[in-house]
Every structure is written in C-alpha cells, then in structure tokens.
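Down below is the structure, laid out as structure tokens.
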Amino acid sequence: MLQQAKSISKSICYHCGEYCDSHAVKTAGKVFCCEGCKMVYQILNESDLCDYYAISENPGTNQKIRVREGKFAFLDDEKIAGVLISFKDEEQAHITFYLPQIHCSSCLWLLENLNRINKDILSSRVNFERKEASVIFNYKAVSLRQVAEILTSIGYEPHISLQQLKQQKTSFDRSIIYKLGIAGFCFANIMMLSFPEYFGIDASERGLQLTFRSLNLLLSLPVFFYAASEFYISAWKSLKHGFLNIDAPIVLAILITFSRSVYEIVSGSGAGYLDSMSGIVFFMLAGRVLQNKTYAHLNFERDFTSYFPIAVSKIEHGNETTLPLPDIKLNDTLLIHNNEIIPADGIITRGKAFIDYSFVTGESDPVEKQMGEIVYAGGRQTAGNIEILVIKEVMQSYLTDLWNRSDIKSKERENEHSFVHGLSRWFTWILFSIAFAAATYWYFHDSTKIANVVTAVLIVACPCALYLSNTFTNGNILRRLAKNKLYLRNSTVIEAIAGTTHIVFDKTGTLTEANKITLSYHGKFPDIHTNACIGALAAQSNHPLSKAIAWEMATEEGLLVEKFKEYEGAGIEGTVDEKRIALGSAAFIKAKTGFTVPHKDGVFVAVNDNYMGRFSFSHQYRKNLVELLNVLGNKFPMTLLSGDNDAERENLQQMFGPMASLYFKQSPEDKLKRIKDLQQKGYKVLMIGDGLNDAGALLQADAGIALTENSNNFTPACDGIMEANKLQLLHKFIKLTKANRNIIMSAFVVSVIYNIVGLSFATSGQLSPIVAAILMPASSLSILLITYGFSNLMTAWYGLKEH
Amino acid sequence: MSVIIILLAASISIALLFLVAFILSVKKGQYDDEKSPPVRMLFDDKPKHSNESPRSDA
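Taken in order, these protein sequences are the chains called A and B. Mapping of the first sequence onto our numbering: position 385 corresponds to residue 572, and the numbering continues sequentially without gaps. Mapping of the second sequence onto our numbering: position 51 corresponds to residue 109, and the numbering continues sequentially without gaps.
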C-alpha cells in the first residue's frame with residue numbers, strides 16, 4: 188500500500204508535541220512540526236517566556252493552520268469593541284476573551300505573564316474552568332485588535348462569536364451556596380444549644396433553658412424563611428401546574444415541624460424539633476448543590492450564534508470594510524476568506540467556492556460551487572477567498588430557520604417527571620393513612636394526644652430521605668460519568684438515558700472520525716519515485732483533496748514542480764522530474780489521456796498521459812465501533828440517520844446487523860421526523876449525533892448526546908456532551924444510568940427502616956427531641972454512605988474510571 | 059450560669075465571623091474557579107532565571 192512508502196520520522200514537535208512529518212523545521216536545536224509552532228517559540232523566546240515549555244511538556248496547540256492576517260480587523264470597529272469591552276476609564280480597558288485552547292498549567296502561566304510580551308498589557312488573569320482570560324490593557328498604547336493579535340501570535344486565538352454581541356453577562360447563581368452556608372451555620376448552633384435538652388437539663392435552671400430555647404428559635408428563623416425557600420418555590424411551581432412533586436410533602440413537613448416547635452417553645456411545653464428541621468434543610472440543600480454541579484466549560488444551550496463570527500468583511504465601492512453581522516443587509520457584497528463560515532445565504536459573485544457543509548447537513552464531501560450559484564449560511568469555505576451577494580438576511584437564512592424549527596421540545600421536557608415524584612406521592616399517601624390511623628386510635632384512648640401524634644408522624648416521615656438519596660445518587664453518578672468524559676446537562680438526563688429503548692446514530696462525525704480521511708488507491712501502483720512526484724505536485728494545490736493526497740504520498744527531497752497549472756473545478760498538472768503528471772476529475776483525465784475511466788467519484792491520476800489509477804476517499808470509522816454496535820444490537824433496536832449518500836450502505840448494514848434500519852440522504856428535518864415517528868411507536872429514543880444537522884433530532888430525542896473531538900469544541904444544544912473517543916463505552920454508560928435507579932431505591936429502603944423505627948416512637952406518642960435528633964442525622968449519613976458506596980461499586984463493576 | 063451565657067455569646071459570634079467570611083469569599087468568586095488558584099500558587103515559588111522582569115500578580 189501507499190502508506191508503507193511514507194517515511195516515518197519519530198521526532199515530536201517541541202511546541203505542540205505532535206509527530207513531525209516531512210514538513211518539520213529546526214531551529215536552536217529544537218524540532219517543530221510546522222512554521223507556525225516555530226514562530227510561537229520564537230516570540231516566546233524573545234520575551235524570555237520559555238518557562239512555558241518547562242512547566243508542562245509540549246504545552247502548545249498545533250499551529251499548522253495559520254490564522255489569517257487581518258482577521259481581527261473588526262476589533263477596530265468602535266461599535267463592536269464597545270460591546271466586548273466590559274470596563275473602560277481614562278487609562279485602561281478590561282476585556283474577557285474566551286480562549287478554548289487553555290488546557291494546562293503552562294497556558295495559565297503564559298497567559299498571566301502577557302505583560303512581558305507587551306508592557307501595555309497591564310495584567311491578565313485566567314479562569315481555568317471557564318477557559319477565559321480577563322485582560323486589562325492600556326488602550327491608548329495598544330489597541331484591542333493588537334491584544335487579540337498578540338494572543339493569536341502565541342497560539343491562543345480568541346474565539347469571538349456573534350453570541351457575544353447580544354450576550355448578557357452570564358452570572359453564576361450563588362444564592363443556593365449562601366443558603367447552604369446559612370443553613371449549616373444555624374444547624375450546627377441549634378444542635379449545640381440543644382445538647383442540654385438532650386441530656387436532661389435540670390428543672391431548677393429554667394432561666395437557662397429558656398435562653399437556649401429562644402436562641403434556637405431565633406436561629407431557626409433564617410433557615411425557615413431563607414434557606415428553605417428553595418423548596419417552597421419548587422413546590423409552589425409544581426402545584427401551580429397541578430402536579431405533586433417531592434418538594435410538596437417536604438414543605439408540609441417543614442411547616443408542621445416549625446409551627447409545632449414554635450408552639451412548644453412559646454407555651455413552654457417542650458423544646459421543639461428545630462434541630463431536626465434545620466438539619467434536614469441543610470442536608471437537602473447539600474444534596475441539591477451536589478446534583479446541580481455544572482460544568483463551566485460546557486454549554487448545553489448553544490444556538491447558531493456561537494458558530495457565527497461577530498463581523499464580516501464587506502466590499503463597498505471596491506474597499507473592504509468591517510460590518511457587524513446583524514447589520515448585514517440584502518444585496519451587500521461580502522468577502523468570505525478561506526476557512527470562514529458563510530454568515531448569510533448568498534450568490535457567489537467572485538471566486539470559486541468549495542464549501543464544507545458537513546456541519547450543517549452531514550454530507551462528508553465538500554461541495555463545489557461556481558459563480559452565480561447559491562451558497563447557504565453555515566457552510567465553511569475551504570478554498571481561497573470568495574465574494575457573495577447577500578440574498579437573505581442572517582436571521583432568515585436556511586440555518587437559522589432550522590434552528591427556530593428545532594426548539595419544539597423544550598417545553599414538553601418540563602413536564603417530564605422523575606419516578607421519584609411518583610414514589611413520593613405513594614409515600615405521602617401511606618403516611619397520611621398512618622397519621623389517620625394513629626389519630627383514630629388515640630381518639631378512643633387519649634384524645635389530648637391526637638395533635639401531638641399526628642404532627643410527630645408527619646415530622647418523622649417526610650420523604651426527605653427519598654429526596655436525599657435521589658439528589659446524592661444523581662450527583663454522584665453525574666460526577667462518575669463526567670470522570671469518563673460524558674457530561675450530562677442535569678440529573679433528569681440520567682433517567683432519560685436509563686429509559687432508552689431505541690438508539691439512533693448519525694454517521695458523519697459520529698460513527699466516523701471527524702477529521703480523518705482515509706485514502707485508498709485503485710489501479711496500477713506507481714514506483715516510489717513516481718509516488719513522491721505525485722505527492723510533490725499535489726502539494727502545490729490548496730484543494731482539500733490535493734492536500735489529502737500530498738499528505739499520504741512518499742516524500743523525497745529536492746523534487747521540483749515545473750509548468751504547474753491548476754484548472755479550476757477540474758484538476759492540476761505539472762512536470763516533476765521529467766514526468767508529466769495530471770491529477771483531477773474523470774473528465775479532466777479523459778481530456779488528457781483519451782481514456783474513459785470506469786468510475787465517476789474520486790481523483791484520477793495520469794503520468795505521461797497514461798492513466799494510472801484512482802484515489803477514493805472515505806471517512807474512517809471509530810475504534811471498536813463494531814464491538815459497540817454488537818453489544819448494543821443485542822439489547823436495543825438501532826437506526827442510522829445519515830445526511831451522506833449511501834455509498835457505505837452494505838458496510839454499515841453489516842456493522843449494525845440485519846435488523847437495523849439505515850436511512851441516507853436525510854436532511855435535518857428528515858432526521859427530526861424520523862425521531863418523532865419512532866417516539867410515536869412508543870420508543871424512548873437515545874440520539875447520538877454531532878453537528879448542527881443533528882440539532883433538531885438531538886432536541887427531539889428523549890435523550891440527545893452530542894459527540895465532540897474534545898470538550899473545547901462546539902456542540903449543538905443537547906442533553907449530554909461526550910468525548911468522541913469514549914463512544915465505545917456507551918453501553919457501559921447506559922448500564923450505569925440504569926443502576927442509578929436501583930441505588931436510589933436501596934437507599935430509600937434503608938431510610939424507610941429508619942422511618943419505621945421513628946414512626947413506632949411517634950405513633951406511641953413518645954417522640955422525644957433526642958430520638959428525632961439521633962434518627963435524622965443517622966438516616967442521612969447512612970443514605971450518603973449507601974449512595975456513595977454503591978455508585979462507586981457500580982462504576983468499578985462496569986469497568987469505568989472512578990477517579 | 060452567667061459564665062455560660064458569656065461563653066455562648068462568644069461562641070456564636072465567632073461562628074458568625076466564619077459565616078460572614080464564607081459568604082464574602084463566595085461573593086468574591088473564590089469558588090467559581092477551583093482549578094487555577096492551586097496551580098497559580100506554585101508559579102511564584104519557582105523563580106527561574108528571569109527574576110528581573112516585573113511580574114504582575116494583580
């Protein structure tokens with residue numbers, strides 16, 4: 188095969204740590220994989236910042252694709268700069284950049300020492316989790332554009348998207364943390380002040396007892412009115428929707444405990460149960476904080492605005508100006524540079540487009556468009572610059588339309604409810620009947636005790652144990668999954684995945700690796716020298732397919748390409764070492780050699796006017812995919828929805844098994860419809876996709892998981908984000924989510940045992956504060972241990988990473 | 059008895075101090091980024107060869 192001919196060099200790039208190929212460059216005794224990496228090194232070397240390489244090994248990101256000069260020209264635009272800059276006075280301006288490249292301590296160190304590169308950058312501060320750098324700079328000496336360019340020059344290109352134009356500063360909601368702190372403070376102090384009561388305070392010290400009790404009452408007020416408000420709000424919200432969730436009985440228990448305690452303390456008849464009440468509020472808040480832990484560096488709600496640039500170049504009277512994206516009007520002429528995203532539907536007026544729509548439609552091959560043809564927003568231009576005439580404004584383009592159509596389900600989702608709520612309702616009814624039975628019993632024996640007993644029953648047996656086991660288990664499972672690089676949006680997704688009865692896959696970028704093209708050659712094999720000549724010729728062209736060929740071919744030093752000529756949309760030719768080589772489409776080769784080739788697709792090669800053979804391109808399937816599909820196929824019916832053509836149908840059918848249905852050439856709407864159809868047949872659908880073309884399907888599915896090559900990349904709105912190389916673990920993830928429910932149930936059963944013990948005290952009318960005070964933390968702690976222990980055990984059992 | 063009251067007042071006010079410290083630290087965003095502070099702390103302890111250039115730790 189051709190691959191064998193490729194020379195393998197083992198040296199790795201000093202900057203980015205990738206293997207260096209034939210393009211390696213050397214300077215100062217260090218090897219770099221490309222000019223870009225070398226340049227970054229030189230800049231850092233000049234500023235004496237080479238500690239960067241000492242803190243972590245090969246800390247850089249690959250610089251093979253250079254950022255276009257003038258890319259940040261739009262930052263000179265006052266209006267755009269004004270939106271991005273968060274603070275400005277006479278001397279300094281503050282700005283926060285999103286730098287997705289941040290990944291290690293070297294990044295942190297370098298980005299906080301920016302002032303060594305330019306002294307007018309006054310300071311910079313990194314938020315590692317959010318991958319943001321806040322920069323303070325003297326805007327009179329260095330412009331915003333220059334700051335962005337300095338960052339780019341050292342390998343940290345800021346990501347500035349349309350979203351930032353309209354973005355309200357996302358502030359982190361800290362109120363629940365305050366509540367937790369205050370509840371903890373009050374709980375601990377009430378507990379301490381209750382000790383005399385537990386050990387039987389002497390009746391002679393009435394004054395002291397009164398002090399303790401009133402202090403307790405005082406301390407319980409913030410818990411009751413502030414910390415517990417979390418539960419009142421959620422209970423009230425669900426009641427308004429005519430639904431009884433788990434918070435409702437909890438709120439009832441809190442109310443009854445509080446009012447009975449106030450009554451006891453005021454009337455002097457007892458000490459109340461304020462310690463238990465504040466304790467349970469504290470534990471439940473802790474569970475909630477654990478369960479709601481978010482991943483600051485991920486965004487589950489992305490829409491198209493985070494893909495689009497903030498500004499584009501507009502051509503006006505032959506001059507290039509910067510135009511903020513929302514200001515694009517009909518009939519504007521836009522200049523789209525190589526590798527830029529087309530922001531609005533338009534007609535090509537200059538240049539030849541070679542557009543990669545894989546993100547929008549899932550088609551794997553770039554599409555060629557000539558002058559006069561329409562290009563749609565969301566595609567990425569991959570060959571040179573083009574100019575387009577806008578025919579639809581940004582907000583009305585094909586892509587935006589798709590987006591607006593796909594937010595169908597978000598409302599329905601609110602009504603999905605966890606099994607926990609149903610369980611809690613049963614629990615509450617049983618409780619009410621026990622309370623009622625106890626009341627009837629005491630009515631015939633000692634009617635003064637009724638109120639006492641009924642309130643005690645309700646205090647002891649609120650479903651807070653269920654609440655705790657639910658939140659703690661969910662929180663734990665979420666973290667275990669995150670350790671294995673599956674990040675879920677929230678805890679309801681765990682149940683959604685566990686309930687899956689049908690799995691749907693996307694093909695391009697999901698089953699296949701996103702950026703790897705496999706090249707195969709059919710025909711007469713050229714000798715190594717000819718092979719290198721073909722490579723040298725292909726290296727002259729910027730066409731993506733030429734690049735792929737050049738990459739795979741053998742290399743030889745000192746090959747000169749003469750008489751190079753590129754025929755747009757057809758092919759290239761040139762003379763290398765006295766061999767006339769032509770590479771191109773079937774028609775191009777036919778014109779050159781007179782030979783009618785047997786295929787239509789691919790790139791054909793002719794040497795000295797003799798037809799040699801054909802290169803065909805295919806995407807590479809992910810590792811261990813067959814094993815995964817085998818395991819899943821035994822348990823779930825599966826469907827494949829691909830936006831691509833059906834060239835791979837037979838191959839895929841074999842991988843999926845004869846039962847699976849495969850659909851090709853599916854538009855984003857088709858995908859959405861297929862999911863709906865499956866749901867109407869009663870399936871719970873788990874959708875695995877990646878691009879914008881899956882956005883609708885991901886939202887519509889009961890659980891939609893987006894794959895990403897690394898978690899810095901952008902993913903469409905979804906329920907979960909999974910790192911692509913973890914796809915092979917999918918069946919294990921599903922098992923773990925199923926275990927989640929069992930863990931909750933077993934923790935719940937244990938807590939019910941505590942409840943029965945507590946109830947036996949309560950119904951007999953002798954629930955002393957000390958019994959309540961022991962039962963409550965004991966049951967909470969055992970729940971904690973059970974959920975933590977079991978979820979770790981299950982994680983290890985399924986062979987997933989624990990720490 | 060009065061001793062206990064004084065002790066009580068002392069203990070609760072100390073606890074209150076900590077509560078206020080906690081709330082302030084949350085407010086200042088100390089819990090927003092848990093990854094960089096421990097790493098950042100190590101850099102200043104490692105003066106290599108470039109001590110003369112000023113560093114900003116703002």
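Note that CB positions come from ideal geometry on N, CA and C, so glycine has one too.
Taking a cut-off of 8 Å for Cβ pairs, the segment 868-877 of chain A and the segment 839-846 of chain A do not touch, as fewer than three such pairs fall below it.
Listed along chain B are Lys-93, Ser-94, Val-97, Arg-98, Phe-101, each with a C-beta nearer than 9 Å to that of Leu-295(A).
Annotation for Thr-214(A): no alpha helix (DSSP H) segment contains it, though the beta strand (DSSP E) segment containing it runs 212-214. Bounds of any alpha helix (DSSP H) do not take in Asp-693(A); it lies within the beta strand (DSSP E) bounded by 689-693. Below the 7 Å Cβ cutoff, chain B contributes Ile-70, Ala-73 as neighbours of Asn-376(A), in chain order.
Scanning its chain for C-beta atoms nearer than 8 Å, with the 5 sequence neighbours on each side dropped, one finds around Val-227(A) the residues His-202, Gly-247, Gln-250, Ser-340, Ile-341, Gly-342, in chain order. For the segment 76-87 of chain B, the beta-carbon criterion of a distance under 9 Å to any beta-carbon of chain A is satisfied by Phe-76, Leu-77, Phe-80, Ile-81, Val-84, Lys-85, Gly-87. In the structure shown, Met-932(A) adopts helical secondary structure according to DSSP, grouped into three states. Cβ neighbours of Ser-707(A) within its own chain (closer than 6 Å, five residues either side excluded): Ser-803.
Contact of Phe-470(A) with chain B is not assigned, every C-beta pair being separated by 8 Å or more. Glu-682(A) places its beta carbon 8 Å or farther from that of Phe-614(A).
The beta carbons of Arg-303(A) and Asp-360(A) sit no closer together than 8 Å. Fewer than three pairs of CB atoms, one per stretch, sit closer than 8 Å, so the segment 907-922 of chain A makes no contact with the segment 715-724 of chain A.
Under the Cβ distance rule, Tyr-654(A) does not count among the residues neighbouring chain B, no pair being separated by less than 8 Å. Distance from the CA of Cys-373(A) to the CA of Ser-620(A), rounded to the nearest whole angstrom, comes to 33 Å. Cys-294(A) and Phe-315(A) have their alpha carbons spaced roughly 9 Å apart. The residue among Thr-826(A), Thr-924(A), Gln-841(A) with its C-alpha nearest the C-alpha of Ala-884(A) is Thr-826(A).
Taking CB atoms only, Ile-62(B) has a neighbour in chain A less than 8 Å away. Looking from the CA of Ser-407(A), the closest CA among His-730(A), Thr-508(A), Leu-510(A), Ile-441(A) belongs to Ile-441(A). Here Asn-661(A) is buried, its C-beta having at least 16 other C-beta atoms within 10 Å.
None of the residues of the segment 821-854 of chain A has a beta carbon lying less than 7 Å from any beta carbon of chain B.
A residue is called buried when at least 16 other Cβ atoms come within 10 angstroms of its Cβ; Lys-213(A) does not meet this threshold and is exposed.
Burial state of His-806(A) is buried, judged by a 10 Å Cβ sphere holding 16 or more other Cβ atoms.
Here His-290(A) carries a coil assignment [DSSP, helix/strand/coil]. When secondary structure is reduced to three states using DSSP, Met-909(A) falls in the strand class. Taking 8 Å as the cut-off, the beta carbon of Arg-312(A) is found closer than this to the beta carbon of Glu-299(A). Phe-935(A) counts as buried, since at least 16 other C-beta atoms from the protein chains shown sit within 10 angstroms of its C-beta. In the DSSP secondary-structure assignment, Ser-969(A) is not bridged to any residue. Secondary structure at Ile-337(A): helix, using DSSP grouped into helix, strand and coil. Ile-70(B) and Asn-376(A) have their C-alpha atoms some 7 Å from each other.
Taking all protein chains shown into account, Val-453(A) has fewer than 16 neighbouring C-beta atoms within 10 Å of its C-beta and is therefore exposed. Under DSSP, Tyr-754(A) shares a beta bridge with Gly-758(A). Judged by their CB atoms, Ile-443(A) and Thr-635(A) are not nearer to each other than the 8 Å cut-off. In terms of Cα proximity to Ile-940(A), the closest of Leu-962(A), Ala-669(A), Phe-851(A) is Leu-962(A). Look at Val-322(A): its C-beta is not under 8 Å from any C-beta on chain B.
At a C-beta separation below 8 Å, Ile-364(A) has these neighbours in chain B: Val-84, Tyr-89.
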